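> Below is the structure I would like to discuss, written out as structure tokens.
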Amino acid sequence: MSAHPKRTIHILQLEDDTDDAELTCRALRDAGLSIDVQLVCNEADYRARLQQPGLVDIVLSDFSLPDYDGLSALILRSTLVPEVPFIFVTGALGEERAVEMLHIGASDYVLKGNLQRLPAAVMRALAEADEVRIRDAMQKQLKAERQLLSAVLDTSGALIVLVDQAGRIVRMNPAATAPLSAAQREADEQYFDTLFAAEDERNVVSEHLAHLCRLPLGMPVSWRATVNGRLVLWSAARLSDQAETPGFAVMSGLDITAQEEAEQQAYYLRHFDSASGLPNRALLLLRMRQPTQPVGERMALIMIGLSRLQEIRDSLGDEAANHLLREVSRRLMAGPLAGDYLAKVGDDSFALLCAAPEESALNAPLQAMLTQLHEPYMLDGRFFFLAANLGVAFCETGAPPEETLQAATMAQHQAAQQQNENYRFYQPLLSDEARSRLELEGELHAALAVDDQLFLDYQPQVALHSGQIVGLEALIRWRHPRLGRLGPMRFVPLAESCGLIAALGDKALHMACQQAVSWQNSGLPPVTVAVNLSAVQWSQPDLADTIRQALAQSGLAPAWLELELTESATMHNPVATLATMQALRDMGVQLSIDDFGTGFCNLSYLKRFPVDKLKIDQSFVRDITTQPDDLVISQLVVAMGHLLHLSVVAEGVETEGQLALLAEAGCDIIQGYYFSRPVSPQACTSMLAADRRVPPAACG
Ligand code: C2E
Ligand code: MG
Ligand code: MG
């Protein structure tokens, strides 16, 4: 209720004398106040009015009444509506009594003989009451806000600590006490840096707090510190000097132990090999970038490659292979170069960084390392042997570590290719060739992803009994953007050694099947299409699925697909090859052995292989007219093929003379420049459409 004079003031007047009451009202009205007066003269009426909420702005009361008394009225007001001001309007009231009444809670007293003072007294009492009301409301609001803030602090997951200028803790929330020990919590004087930093971090934390004093307000300071093993990220801000808190600065901390652990785990995964626990390639390179050896000491990087591990992985599973890898790393760590930095840099390769002044110092330890690695390995009660090859490159000052790693890898690959040589030092002179090989490898990768670089030419195969084309061998070529047209010998072996052969083989297979279907759909007489598969493809367990997929996708009937494998490929892993061949044969696909006569095929296997054709290698055909031995070999191959019920194809037939001898030997089919070079699919279409044949006279 405002004390504004224009507002009507609701007065409850306790007075038995109506004249006096009238005089009182007049005094107020004369002063310009708008009033509404309820006159009562006994306790019951007085109480009833007081109890009606909001009806009374002020009580004016006589001190002595016939049926009631002013003191009781004052006490009742204090009990029921303490916020409503109470003024005695009375005859003589001794000074002492008046002060007593004021103490008990009266706002004022005005003598009936001095009523001109009443309006001001009423206005002042109302203004004071208003003030009290506003103050109470504000205090209530403040209290509610405090409670809210406390609730936030109490339930917040953040550690919140209020400190004074000396770094003493003034207050902290439950989250902040959580990582503390009972003794720490109960300590009499608690200093922030002693509670919330490990011993060796305290100086730094005090330094941060001191720094905070010098910083402008609102500039936070952050640091990380350990609280009883928990890692906390703190941010501190100074409080303004006017803030009515006993604190000087507030610290809020986040427990980042879990994030830190996750980060460490991620770091581990990025930098260590999970199977062996050794540093990986990335960490090795980092280490090489930050050398720790004494200045001037020369370092060498030894690349250790293991062959046969993939076979073990394929046949016995990852766990067995990992077990062997762990044993290899154990031997390396215990070996002659123990104590140096060992890393696992590839699926089947390790790298060891060691101090070595020159090549000669390494010969003995490398030899010893090989001997150790070649010792038998025990797995599930059986012995296994691994072949290891080592390549060494020296870390030249200023050379990027990647280059050294690449050089050691090249040397190791060279060692793997040489027979009876299990370690090799990197020879910079050879690097040009190796470098361009690496470049070509990258380009082949890219070529496999596009449509226009790798394509097939087809070379006709002609049956001698009819002179007609009965098959077309698909031969892959690469239209290289920089080097022009490349033949398969330039990139198939590369694809085999760098793991791209499966993709390359798949591409050739799909293109050939698609082409065969397209010829058949255009109404040409159907012929077999032969595709070359590399030895690596033959040892893949899912080869049959790959073939099945290519046939299904193109819609080619299996009988029109022939797969060629070289004689040496059959001996790579004869047992597995036999199983794959059987699966393919069951599917209805034809099989032939390519380059026969060059690969020392075990005849007992040849008998068991479910093949349809033998292809006499062109090296025998080339000199067949001049070298009697070659003629004999060719005759023998034909005879043996026929004994095993196989068709015999002669490759590389260039002349009529060669053709005549092969026809005489009983060869069934010929393929070579004599009839046609490998040509584009369009050129084949023309030949098939024209039914081009070998003249019957030439077939003998
Ligand atoms: P290959 O399967 O024995 O193919 C026959 C090779 O002899 C072809 O060489 C062919 O062009 C060549 N040739 C044919 N007739 C004559 C002739 O009368 N005289 C002479 N001097 N050569 C003749 P090309 O195309 O260079 O292929 C070489 C080898 O590359 C093939 O030998 C085959 O092993 C391999 N190859 C070709 N395409 C593929 C493929 O798609 N995948 C795989 N893995 N290897 C392939
Ligand atoms: Mg072939
Ligand atoms: Mg061949």
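Position in the sequence shown counted from 1, then plus 364, gives you my numbering. Where a beta carbon is used, it is the ideal one built from N, C-alpha and C, also for glycine. As the structure is a prediction and not an experimental result, all values here were calculated from the model.
1. Check this for me: beta carbons of Leu716 and Asp704, under 7 Å apart or not?
2. Suppose you measure from the CA of Gly521 to the CA of Val585; what does that come to, to the nearest Å?
3. DSSP on Gly434, reduced to helix/strand/coil?
4. By how many angstroms is the C-alpha of Ala437 removed from the C-alpha of Ser431?
5. When DSSP labels each residue in this structure, what does Pro1045 get in the three-state scheme?
6. Quick check on DSSP: helix, strand or coil for Met583?
7. Mapping DSSP to helix, strand and coil, what is Phe636?
8. Using only the heavy atoms of ligand 2, determine whether one of them is closer than 6 Å to the beta carbon of Glu926.
9. Around the Cβ of Gly1036, are there at least 16 other Cβ atoms within 10 angstroms (buried) or fewer (exposed)?
10. For Pro1045, which residues of its own chain have a beta-carbon under 7 Å away from its beta-carbon, when the five flanking residues on both sides are left out?
11. Within its chain, find whatever has a CB closer than 8 Å to the CB of Leu466; leave out the 5 residues flanking it on each side and keep chain order.
12. Is any heavy atom of ligand 2 found at a distance shorter than 6 Å from the C-beta of Asp958?
13. Quick check on the DSSP output: the beta strand (DSSP E) that includes Tyr705 runs from which residue to which?
14. Can you tell me where the alpha helix (DSSP H) holding Gly869 begins and where it ends?
15. Taking the C-alpha atoms as reference points, what is the distance between Gly831 and Val1058?
16. For Arg441, does the count of other Cβ atoms within 10 angstroms reach 16, so buried, or fall short, so exposed?
17. What is the DSSP secondary structure of Pro938, reduced to helix, strand or coil?
18. Grouping DSSP H, G and I as helix and E and B as strand, with all else coil, what is Cys1063?
19. From Asp383 to Arg413, what does the alpha carbon distance come to, in whole angstroms?
20. Are Asp958 and Lys971 touching if we call contact CB-CB under 7 Å?
21. Cα separation between Asp981 and Arg651?
22. Could you pull the start and end residues of the alpha helix (DSSP H) that Ser918 belongs to?
23. Taking DSSP as the reference, what is the three-state secondary structure of Val834?
24. With respect to 6 Å, is the separation between the Cβ of Glu1015 and the closest non-hydrogen atom of ligand 3 below this value?
25. Should Ile498 go down as buried or exposed, given a rule of 16 or more other Cβ atoms within 10 Å for buried?
26. Looking at the strands, I want to know which residues DSSP matches up with Asp400.
27. Does the beta-carbon of Ala1062, which I'm using as the reference point, lie nearer than 6 Å to any heavy atom of ligand 1?
28. Select from Gln554, Gln946 and Ala1053 the residue whose C-alpha is nearest the C-alpha of Ser886.
29. Tell me whether the beta-carbon of Gln776 lies closer than 7 Å to the beta-carbon of Gly755.
On the basis of the coordinates in this document:
1. Taking 7 Å as the cut-off, the Cβ atoms of Leu716 and Asp704 count as close.
2. 20 Å
3. helix
4. One detail in the question is off: residue 431 reads as Asp in this sequence, not Ser. Roughly 11 Å between the two C-alpha positions.
5. helix
6. coil
7. strand
8. no
9. buried
10. Tyr822 and Gln879
11. Asp472 and Tyr473
12. yes
13. Tyr705 to Gly710
14. Ile865 to Asn885
15. 5 Å
16. buried
17. helix
18. coil
19. 22 Å
20. no
21. Computed Cα separation, rounded: 52 Å.
22. Leu907 to Ser918
23. Val834: strand per DSSP, three-state reduction.
24. yes
25. exposed
26. His374
27. no
28. Ala1053
29. yes
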